[in-house]
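According to my numbering, the first sequence holds residues 3 to 694 in order. Backbone N, C-alpha and C define an ideal beta-carbon position, used for all residues, glycine too.
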Amino acid sequence: MGTVAALTEETESSYSKSASSLPSLVPAHRKPASSCSLALGPRRRHRDPVALLLQCAAQLTMKQLLQLQAALLTNPPPASAVDPNVLAVKLIGASADRGNVRHAALVFSRLPSPNVFAWNAVLKVHAQHNLWVHTLRYFEQLLLESGAAGGAAPDEYTFTSVLKACAGLVAADGGEKAHSLVLKLGFQSNLFIQNSLVDMYFKFGRPWIARRLFEEMSVRDVVSWNTLVTGYCLCGDVHGARQVFDRMGEKSLISWSAMIAGYARLGDVRAARELFDAMPERNVASWNVMISAYAQNEKFMESIQLFRQMQQVGGLLPNDVTLVSVLSACAHLGALDLGRWIDMFIKRKKMELNLFLGNALADMYAKCGCIAEARAVFDEMAERDVVSWTVLISGLAMHGHADEALDGFYNMLEHGIKPNDVTFMGILSACTHSGLVDPGMKYFRMMTEEFKIVPKVEHYGCVVDLLSRAGRLDEAEDFINSMRVAPNVIVWGGLLGGCQIYKDIIRGERVVQRILELDPEHSGSYVYLANLYALTGRLEDSAHCRLRMRHNKVVKTPGCSWIEVDNMVHEFFMGDRTHPQSDKIYSMIRWLSYRMKLAGYNPNVSLVTHCVDEEEKEDALSTHSEKLAVAFGLISTGEGTTIRVVKNLRVCNDCHDAMKLISQIVEREIILRDRSRFHHFKDGLCSCKDYW
DNA sequence: CCGGAGATTG
Numbered sequence: 003m004g005t006v007a008a009l010t011e012e013t014e015s016s017y018s019k020s021a022s023s024l025p026s027l028v029p030a031h032r033k034p035a036s037s038c039s040l041a042l043g044p045r046r047r048h049r050d051p052v053a054l055l056l057q058c059a060a061q062l063t064m065k066q067l068l069q070l071q072a073a074l075l076t077n078p079p080p081a082s083a084v085d086p087n088v089l090a091v092k093l094i095g096a097s098a099d100r101g102n103v104r105h106a107a108l109v110f111s112r113l114p115s116p117n118v119f120a121w122n123a124v125l126k127v128h129a130q131h132n133l134w135v136h137t138l139r140y141f142e143q144l145l146l147e148s149g150a151a152g153g154a155a156p157d158e159y160t161f162t163s164v165l166k167a168c169a170g171l172v173a174a175d176g177g178e179k180a181h182s183l184v185l186k187l188g189f190q191s192n193l194f195i196q197n198s199l200v201d202m203y204f205k206f207g208r209p210w211i212a213r214r215l216f217e218e219m220s221v222r223d224v225v226s227w228n229t230l231v232t233g234y235c236l237c238g239d240v241h242g243a244r245q246v247f248d249r250m251g252e253k254s255l256i257s258w259s260a261m262i263a264g265y266a267r268l269g270d271v272r273a274a275r276e277l278f279d280a281m282p283e284r285n286v287a288s289w290n291v292m293i294s295a296y297a298q299n300e301k302f303m304e305s306i307q308l309f310r311q312m313q314q315v316g317g318l319l320p321n322d323v324t325l326v327s328v329l330s331a332c333a334h335l336g337a338l339d340l341g342r343w344i345d346m347f348i349k350r351k352k353m354e355l356n357l358f359l360g361n362a363l364a365d366m367y368a369k370c371g372c373i374a375e376a377r378a379v380f381d382e383m384a385e386r387d388v389v390s391w392t393v394l395i396s397g398l399a400m401h402g403h404a405d406e407a408l409d410g411f412y413n414m415l416e417h418g419i420k421p422n423d424v425t426f427m428g429i430l431s432a433c434t435h436s437g438l439v440d441p442g443m444k445y446f447r448m449m450t451e452e453f454k455i456v457p458k459v460e461h462y463g464c465v466v467d468l469l470s471r472a473g474r475l476d477e478a479e480d481f482i483n484s485m486r487v488a489p490n491v492i493v494w495g496g497l498l499g500g501c502q503i504y505k506d507i508i509r510g511e512r513v514v515q516r517i518l519e520l521d522p523e524h525s526g527s528y529v530y531l532a533n534l535y536a537l538t539g540r541l542e543d544s545a546h547c548r549l550r551m552r553h554n555k556v557v558k559t560p561g562c563s564w565i566e567v568d569n570m571v572h573e574f575f576m577g578d579r580t581h582p583q584s585d586k587i588y589s590m591i592r593w594l595s596y597r598m599k600l601a602g603y604n605p606n607v608s609l610v611t612h613c614v615d616e617e618e619k620e621d622a623l624s625t626h627s628e629k630l631a632v633a634f635g636l637i638s639t640g641e642g643t644t645i646r647v648v649k650n651l652r653v654c655n656d657c658h659d660a661m662k663l664i665s666q667i668v669e670r671e672i673i674l675r676d677r678s679r680f681h682h683f684k685d686g687l688c689s690c691k692d693y694w
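Right, here's the structure in full:
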């Protein structure tokens, strides 16, 4: 008795804490105050826990649920009064709604004889959390028990979860078995099951079967049609999806969202936006679709702009999904102020740091140069998955903290999290940035041999980079020739970079030839050849080479840099004059050039391009995007303020040298993140120690 | 006492 009283006391304080946030969530007349209060007055303190659970499960926190459960265990109601299965179904569903699947499973496991409702509850919980293997395991168990006397037997509700799990796993054999069981049990005319089957066959990549099942349905609802639209998008047939979309009668918000997402996945952001603008009404998810459509297609500025519009024009509050997309955009742009604002928003709204949100937040901090904050978020998270650890490891790698990145890796292994291909990219790049050649090779072998991860081109590229930057060009070339996959331009490009650094002209020419075989329009090779000829005095050949590049209309990723000032992200392209303050920016650059020349800096001395297939140097040297961004930062922030710039490509040697000098001249810290890492310029030096 | 379709991270 004493225990129960103590629990209720505790409950009181935790409930009153959250009570202050209730008015915004629940309309006043629906406030659960009188019927659900655990302890609003002394007389209600010992309210029946059974009634409480049955009526108010949705309003309780996880802690309160656990307290209720403890009360029930300490002081169980008579079995004749209430079926334990009924309570279990409530507890299972409520725990899962609060993200606690483990506890839901625990409750289920303690049930002496689960009925079909309990089985369905536990199946649904696991299917909804994408724990498909578990779902199917429970289902197999259920099938075993249904054979025994008194065991529960699957019903029509069972199959929605099971089919979803088969679809998620792309387990075609299991899916077909489940399908025949549906037929055997006579459930095939259930609309929910039919819709699930259509969805499943689309996910199996068999749209024709899905379509046939759809055609055979005697009754279809809007979900059936939406499933068809989604399914065709999934199979890459966005035109087929559009035909269905145009043909269907009543459309729901989901129909529009599905179609927009379909266009976005194919990279047609314009078509996506047209549909978004044409929607008759929108909810948060509709905005989320479009915000993520921009983010997925690297239109981060547009993504953020739409995020603002959603609040100002749409009058909607972002939810966790919104924030995850926007945080990703912030991470790419280095938009730290907005990122911090979102962090505050999360805290203000007391939002739970779930895996997605925590990972996105930690990544934002890491990519905005705040590795300590990234780590703090990581530490704060209740659970961590392979993405969380990869964010941390890659973040440390980007900052040049190779040792800590490797520590993180072993820590991750100790926590029983299996690394994947992205994790190893973080590890390998950590080694590359610190010149840890032999360890890098060790981790590459570990990846393939111990973890059986098939290396992607990026991994090969990283290893070649690792060897080449350290000057081990023979090994790098041997490594390329020993690759099981045909090397591509990126891989050869890594070796070419090494040839440039170590001025290995003969090997360089050989490599350039291999590259031009693969890609006759490869601009980096032309730049390299031109520089090579210039170096060896063959100026005519050099000029000819550049001309050839122009004739071929070589298209390169344009160099682009971003800087955030007063909550606004400003974007600069190479030689950009479109910024409203362009005049001031360019006079700042002229002033900087003058000061740098005084300090002995001569951009024309360096003919060696560091970056291979990236930005062309030429006359645009002084107007590379990162210089524009830094110049803008200098004129628009106060003395001594740190300048933070993000660039989409690798910084070239000349800009790197220039940044070092600029940091000295203006006495500012400049933090530049390029495609592969952070450069922290201070007092004329860079944190990368000129090795990157 | 229960189910299906859309939006999220490295």
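Query - Own chain partners of residue 106 with C-beta closer than 7 Å, once the 5 adjacent residues on each side are dropped - result: Take residue 106, set aside five residues on each side of it, and the residues of its chain with a beta-carbon closer than 7 Å to its own are 94, 97, 98, 124, 127, in chain order.
Requested in this report: Report the rounded CA-to-CA distance for residue 572 versus residue 563, giving the unit in angstroms.
Outcome: Here the C-alpha atom of residue 572 lies approximately 8 Å from the C-alpha atom of residue 563.
Query - Residues near residue 164 in its chain [Cβ-Cβ closer than 6 Å; skip 5 each side] - result: These residues qualify, in order along the chain: 141, 180.
Query raised in the report: Curious, which full-length alpha helix (DSSP H) runs of at least 4 residues does the segment 396-427 contain?
Result: Taking only runs of at least 4 residues, the alpha helix (DSSP H) segments lying wholly in the segment 396-427 are 404-416.
Requested in this report: Could you round the C-beta distance between residue 675 and residue 648 to whole angstroms and report it? I think they count as a contact, below 8 Å.
Outcome: At roughly 5 Å, the Cβ-Cβ gap stays under 8 Å, so residue 675 and residue 648 are in contact.
Requested in this report: Say whether the segment 580-590 touches the segment 522-541, bearing in mind that this needs 3 or more beta-carbon pairs closer than 8 Å, one atom from each stretch.
Outcome: Taking one beta carbon from each stretch, the segment 580-590 and the segment 522-541 have fewer than 3 pairs nearer than 8 Å; the two do not touch.
Query raised in the report: Cβ of residue 417 within 9 Å of Cβ of residue 377?
Result: The answer is no: Cβ separation not under 9 Å.
Query raised in the report: Can residue 233 be considered in contact with the ligand GTP, in the sense that its beta carbon sits closer than 8 Å to one or more heavy atoms?
Result: With respect to the ligand GTP, the structure shown offers nothing to examine, as it has no ligands at all.
Query raised in the report: With a Cβ-Cβ cutoff of 9 Å, do residue 361 and residue 393 count as a contact?
Result: Yes, the Cβ-Cβ distance between residue 361 and residue 393 is below 9 Å.
Query raised in the report: Considering only the beta carbon of each residue, do residue 170 and residue 203 sit closer than 9 Å?
Result: The answer is no: Cβ separation not under 9 Å.
Query raised in the report: Are the beta-carbon atoms of residue 475 and residue 495 separated by less than 9 Å?
Result: Going by C-beta atoms, residue 475 is not nearer than 9 Å to residue 495.
Query raised in the report: Quick one, which of 343, 447, 469 has its alpha-carbon nearest residue 436's?
Result: Among 343, 447, 469, the Cα nearest to that of residue 436 belongs to 469.
Query raised in the report: Where does the unbroken alpha helix (DSSP H) through residue 570 begin, and where does it stop?
Result: Segment 570-575 is the beta strand (DSSP E) holding residue 570; no alpha helix (DSSP H) there.
Query raised in the report: Taking C-beta to C-beta, are residue 679 and residue 461 nearer than 9 Å?
Result: Result no, Cβ atoms of residue 679 and residue 461 do not sit closer than 9 Å.
Report task. Give me whichever residues DSSP pairs with residue 672 in a beta bridge. Result -> Paired residues: 645, 683.
Query raised in the report: So, helix, strand or coil for residue 388, using DSSP?
Result: Helix at residue 388.
Query raised in the report: How long is the line joining the alpha carbons of residue 441 and residue 353, rounded to whole angstroms?
Result: If you take the alpha carbons of residue 441 and residue 353, they lie about 41 Å apart.
Requested in this report: Enumerate in chain order the residues of its own chain whose CB-to-CB distance from residue 358 is below 6 Å, with the five nearest sequence positions on each side excluded.
Outcome: Excluding positions up to five away in sequence, the list reads 326.
Report task. May I ask which residues mark the beginning and end of the beta strand (DSSP E) holding residue 259? Result -> Residue 259 -> not in any beta strand (DSSP E); alpha helix (DSSP H) instead, spanning 255-267.
Requested in this report: Tell me, to the nearest whole angstrom, how far the beta carbon of residue 226 is from that of residue 259; I am working on the premise that it is less than 8 Å.
Outcome: Not really, about 16 Å apart at Cβ, beyond 8 Å.
**Report entry** Cβ neighbour criterion (16 or more within 10 Å) applied to residue 43
**Finding:** Low confidence applies here, because residue 43 scores a pLDDT of 38, under 50, leaving its location unreliable and the question unanswered by this model.
Report task. To the nearest angstrom, report how far apart residue 261 and residue 389 are at their CA atoms. Result -> Approximately 28 Å, taken between the alpha carbons.
Report task. To the nearest angstrom, report how far apart residue 356 and residue 603 are at their CA atoms. Result -> Using only the alpha carbons, I get a separation of about 50 Å.
Query raised in the report: With 16 as the cutoff for other CB atoms within 10 Å, does residue 569 come out buried or exposed?
Result: Residue 569 is exposed by the Cβ-count criterion.
Query - Buried versus exposed, by CB contacts within 10 Å (16 or more), residue 116 - result: Answer is buried; the Cβ neighbour count reaches 16.
Report task. Drop a sphere of 10 angstroms on the beta-carbon of residue 409, count the other beta-carbons inside from all chains shown, and report buried for 16 or more, exposed for fewer. Result -> When all chains shown are included, residue 409 counts as exposed.
Query raised in the report: Do residue 559 and residue 650 have their CB atoms nearer than 9 Å?
Result: Here residue 559 is near residue 650, since their CB atoms are less than 9 Å apart.
Requested in this report: My understanding is that residue 449 touches residue 457, with C-beta atoms under 8 Å, so please give their C-beta distance in whole angstroms.
Outcome: A Cβ-Cβ distance of about 7 Å is found for the pair residue 449 and residue 457, placing them in contact under the 8 Å criterion.
Requested in this report: Flag this pair as yes or no: are the beta carbons of residue 659 and residue 627 separated by less than 9 Å?
Outcome: Between residue 659 and residue 627, the C-beta spacing is not below 9 Å.
Query raised in the report: Does the Cβ-Cβ distance between residue 293 and residue 312 come in under 9 Å?
Result: Taking 9 Å as the Cβ cut-off, residue 293 and residue 312 qualify as a contacting pair.
Query raised in the report: Based on Cα-Cα distance, which residue from 681, 656, 654 lies nearest to residue 644?
Result: Closest option to residue 644, Cα to Cα, is 681.
Query raised in the report: Can you tell me whether residue 132 is buried or exposed, with buried defined as 16 or more other CB within 10 angstroms of its CB?
Result: Exposed is the call here.
Query raised in the report: Taking just the CA atoms, how far does residue 268 sit from residue 242?
Result: So the alpha carbons of these two residues sit roughly 13 Å apart.
Query - Reference residue 212, options 220, 196, 221, closest by Cα - result: Nearest C-alpha to residue 212: 196.
Requested in this report: Please state whether DSSP places residue 2 in a helix, a strand or coil.
Outcome: Because the chain spans 3 through 694 in this model, residue 2 falls outside it and cannot be assessed.
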